[in-house]
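Residue numbers (my numbering): 5 to 114.
Even glycine gets a Cβ: it sits at the ideal position worked out from N, Cα and C.
All values derive from a computational prediction rather than experimental measurement.
Structure record follows, encoded as structure tokens.
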């Protein structure tokens with residue numbers, strides 16, 4: 005389990021992250037449950053929080069880690085999927101995410 009700094013992250017986001025990182029996939033919340041978790045209504049932007057976490061720990065990462073990691077993954081690999089019961093589900097692939105846009109966003113946050 006990852007260690008979360010309680011000073012950097014308040015209780016509600018910490019709980020959200022811990023649920024997402026549960027070792028047993030059956031214990032992890034569904035996408036629907038996550039979308040309606042109270043943290044998404046409290047936290048200004050989880051994207052911004054994730055960027056700050058990445059930047060604060062960049063000593064452990066290479067400068068171009070995002071680009072290098074995404075090069076290894078086939079663009080059609082599904083990174084997330086939302087299932088809608090009777091309707092067709094929605095899949096989000098790595099081709100939907102631009103590594104250059106992500107790198108630029110991280111630079112802007114710095």
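A direct Cα-to-Cα measurement between residue 76 and residue 98 gives close to 11 Å. Burial state of residue 20 is buried, judged by a 10 Å Cβ sphere holding 16 or more other Cβ atoms. The secondary-structure analysis by DSSP pairs residue 88 across a beta bridge with 91. Between the C-alpha atoms of residue 59 and residue 107 there is a straight-line separation of about 11 Å. Secondary structure note for residue 21: its alpha helix (DSSP H) is the uninterrupted segment 15-24. In this structure, DSSP gives residue 101 a state outside helix and strand, which the three-state scheme calls coil. Residues of the same chain with a CB within less than 8 Å of the CB of residue 78, apart from the 5 flanking positions on each side, are 98 in chain order. Taking the CA atoms as reference points, residue 37 sits about 31 Å from residue 104. Under DSSP, residue 43 shares a beta bridge with no residue.
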